[in-house]
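Chemist:
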Amino acid sequence: MSYMDKFSLEGKVALVTGASYGIGFAIATAFAKAGATIVFNDLRQDLVDKGLAAYKELGIDAHGYVCNVTDETAVNELVAKVEKEVGVIDILVNNAGIIKRIPMCDMTADEFRQVIDVDLNAPFIVAKAVIPSMIKKGHGKIINICSMMSELGRETVSAYAAAKGGLKMLTKNIASEYGEYNIQCNGIGPGYIATPQTAPLREKQADGSRHPFDQFIIAKTPAARWGNPEDLAGPAVFLASEASDFVNGHILYVDGGILAYIGKQP
Ligand code: NAP
Ligand code: GCO
2 MSYMDKFSLE
12 GKVALVTGAS
22 YGIGFAIATA
32 FAKAGATIVF
42 NDLRQDLVDK
52 GLAAYKELGI
62 DAHGYVCNVT
72 DETAVNELVA
82 KVEKEVGVID
92 ILVNNAGIIK
102 RIPMCDMTAD
112 EFRQVIDVDL
122 NAPFIVAKAV
132 IPSMIKKGHG
142 KIINICSMMS
152 ELGRETVSAY
162 AAAKGGLKML
172 TKNIASEYGE
182 YNIQCNGIGP
192 GYIATPQTAP
202 LREKQADGSR
212 HPFDQFIIAK
222 TPAARWGNPE
232 DLAGPAVFLA
242 SEASDFVNGH
252 ILYVDGGILA
262 YIGKQP
């Protein structure tokens, strides 16, 4: 047996939420290349279809379902359907997420609640739906996609930072409560990654110059670049595989070093 077999996901069923594109798509693609069967959901059938086509182009026969992760009834129905049609979920990645960039005092309570609902309540709902079968099966892996905002704040992202900070602690609590059932729950904290979610922060200015925030992130990142979704794939495969069976309650920051660095002198 090669030592690399420890990183294999052969025979595993992985649910990656919100994985029609972006970070979830990159993680699910890597899981498939490591041998897993991929299940994903999105909010609308056209997005699920778009995702299925994108996976197919890579030779991956994924299973896609329409499901709003904030709807507990829909999530429980999804998990039951997946268990019937695909198999018991061995690996869950709580990836689906939104952000609203609004100064806190301009944000309505409803807008705040919407972000908390998707980014914190939904990971609770989905984890709660998959854990019972993981206990029965004798193992499970849960990976919550946290953020640098699990550790740091910045202007206009109060709801998102509150949600991702809470998600860090939910991760540690699931690890604490279910570790004895051989379920490992960890987080991945991406840095600034080039996806549709951060596109507004990277838009070219009218004069063709880089967005000020883009320049800021480059100066703050030792790697001097934005991350790509594929930068998260290896860490995710590690946390989904038996190679990490004694890693539990850990948030693995994949940020090019931002959290370690005071930033380049202007
Ligand atoms: P993205 O491009 O905005 O994609 C988010 C995905 O989640 C989309 O497929 C979206 O579906 C889906 N989604 C949103 N709300 C949903 C709901 N209620 N039910 C089901 N699916 C839902 O985001 P991303 O950049 O790939 O980020 C993915 C995760 O990484 C998020 O949790 C984000 O907070 C986190 N993250 C991102 C970065 C970054 O720099 N990009 C850094 C750290 C952490 P629709 O297309 O239908 O909206
Ligand atoms: C922002 C960005 C960040 C990233 C990510 C950083 O507006 O600051 O969207 O929040 O998405 O979460 O880790």
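Okay, so the sequence shown: first residue is 2 according to the numbering used here, each after it adds one.
The beta-carbon is built from N, C-alpha and C at its ideal position, and this holds for glycine as well.
Give me the residue from V131, D107 and G167 with the minimum Cα distance to I184.
Modeler: The residue labelled residue 184 in the question sits at position 183 within the sequence shown. Measuring from the Cα of I184, the nearest candidate turns out to be V131.
Chemist: If you measure between the beta carbons of G25 and V94, is that distance less than 8 Å?
Modeler: As a working mapping, residue 25 is identified with position 24 in the sequence shown. As a working mapping, residue 94 is identified with position 93 in the sequence shown. Contact flag set, yes.
Chemist: So what's I263 in DSSP terms, helix, strand or just coil?
Modeler: If you number the sequence shown from 1, residue 263 lands on position 262. Coil.
Chemist: Closer than 7 Å to a non-hydrogen atom of the ligand GCO - does that hold for the CB of P191?
Modeler: Position 190 of the sequence shown, counted from the first residue, corresponds to residue 191. It does: the Cβ of P191 is within 7 Å (strictly closer) of some heavy atom of the ligand GCO.
Chemist: Is N174 helix, strand or coil by DSSP?
Modeler: Counted from its first residue, the sequence shown places residue 174 at position 173. DSSP places N174 in helix when its eight states are reduced to three.
Chemist: For the ligand GCO, is there any heavy atom lying closer than 7 Å to the beta carbon of Y161?
Modeler: In the sequence shown, residue 161 corresponds to position 160, counting from 1. Checking the Cβ of Y161 against the ligand GCO gives yes.
Chemist: Compute the minimum distance between the beta carbon of L260 and the heavy atoms of the ligand GCO, and state whether it is under 7 Å.
Modeler: Indexing the sequence shown from 1 puts residue 260 at position 259. For the ligand GCO, not one heavy atom lies less than 7 Å from the Cβ of L260.
Chemist: Taking L253 as the reference, which of L53, K169, A54 and E78 has the closest Cα?
Modeler: The residue labelled residue 253 in the question sits at position 252 within the sequence shown. Nearest option by C-alpha distance: K169.
Chemist: Could you compute how far the alpha carbon of S210 sits from the alpha carbon of P133?
Modeler: Working through the sequence shown from its first residue, we reach residue 210 at position 209. Working through the sequence shown from its first residue, we reach residue 133 at position 132. Taking the CA atoms as reference points, S210 sits about 52 Å from P133.
Chemist: Do V158 and V119 count as a contact pair if the criterion is CB distance below 8 Å?
Modeler: Position 118 of the sequence shown, counting from 1, holds the residue named residue 119. Position 157 of the sequence shown, counting from 1, holds the residue named residue 158. No, the Cβ-Cβ distance between V119 and V158 is not below 8 Å.
Chemist: Could you say which of K165, F125 and Q266 lies nearest to Q216 if we only look at CA atoms?
Modeler: Locating residue 216 in the sequence shown gives position 215, counting from the first residue. With distances taken between CA atoms, Q216 lies nearest to Q266 out of K165, F125 and Q266.
Chemist: In this structure, how does DSSP classify T199 when only helix, strand and coil are distinguished?
Modeler: By 1-based counting over the sequence shown, the position of residue 199 is 198. Helix.
Chemist: I'd like the span of the alpha helix (DSSP H) that includes F239, first residue to last.
Modeler: Here residue 239 refers to the residue found at position 238 of the sequence shown. Segment A234 to A241, the alpha helix (DSSP H) holding F239.
Chemist: Please report the distance separating the alpha-carbon of A163 from that of S3.
Modeler: Counted from its first residue, the sequence shown places residue 163 at position 162. Counted from its first residue, the sequence shown places residue 3 at position 2. Separation of A163 and S3 (C-alpha to C-alpha, rounded to the nearest whole angstrom) is 43 Å.
Chemist: Measuring only from the beta carbon, is Q115 closer than 7 Å to any heavy atom that is part of the ligand NAP?
Modeler: Indexing the sequence shown from 1 puts residue 115 at position 114. In this structure, the ligand NAP has no non-hydrogen atom nearer than 7 Å to the beta-carbon of Q115.
Chemist: DSSP on T38, reduced to helix/strand/coil?
Modeler: By one-based count along the sequence shown, residue 38 stands at place 37. T38 falls in the strand class under three-state DSSP.
Chemist: Which residue or residues does DSSP assign as beta-bridge partners of Q216?
Modeler: The count along the sequence shown starts at 1 and reaches residue 216 at position 215. None; Q216 has no bridge partner.
Chemist: Could you pull the DSSP bridge partners for D111 from this structure?
Modeler: By 1-based counting over the sequence shown, the position of residue 111 is 110. Under the DSSP definition of a beta bridge, D111 lacks any partner.
Chemist: Would you mind giving the Cβ-Cβ distance between G192 and M149, rounded to the nearest angstrom? I have them listed as a contact below 8 Å.
Modeler: In the sequence shown, counting from the first residue as 1, residue 192 sits at position 191. In the sequence shown, counting from the first residue as 1, residue 149 sits at position 148. Sure, about 6 Å apart at Cβ, within 8 Å.
Chemist: Do you know offhand how far D208's Cα is from G257's?
Modeler: To locate residue 208, count along the sequence shown from 1; it is residue 207. To locate residue 257, count along the sequence shown from 1; it is residue 256. If I take the Cα positions, the gap works out to 28 Å.
Chemist: Excluding the 5 residues preceding and the 5 following K7 in the sequence, name in chain order all residues of the same chain whose CB lies nearer than 8 Å to its CB.
Modeler: Residue numbering aside, residue 7 sits at position 6 when the sequence shown is read from its first letter. If we look at K7 and ignore the five residues flanking it on each side, its Cβ neighbours are S242, E243 and A244.
Chemist: Is L93 helix, strand or coil when you go by DSSP?
Modeler: On the sequence shown, residue 93 is found 92 positions in, with the first residue counted as 1. Three-state result, L93: strand.
Chemist: Taking C-beta to C-beta, are L233 and V255 nearer than 8 Å?
Modeler: Taking the first residue of the sequence shown as 1, we reach residue 233 at position 232. Taking the first residue of the sequence shown as 1, we reach residue 255 at position 254. Closer than 8 Å, so yes.
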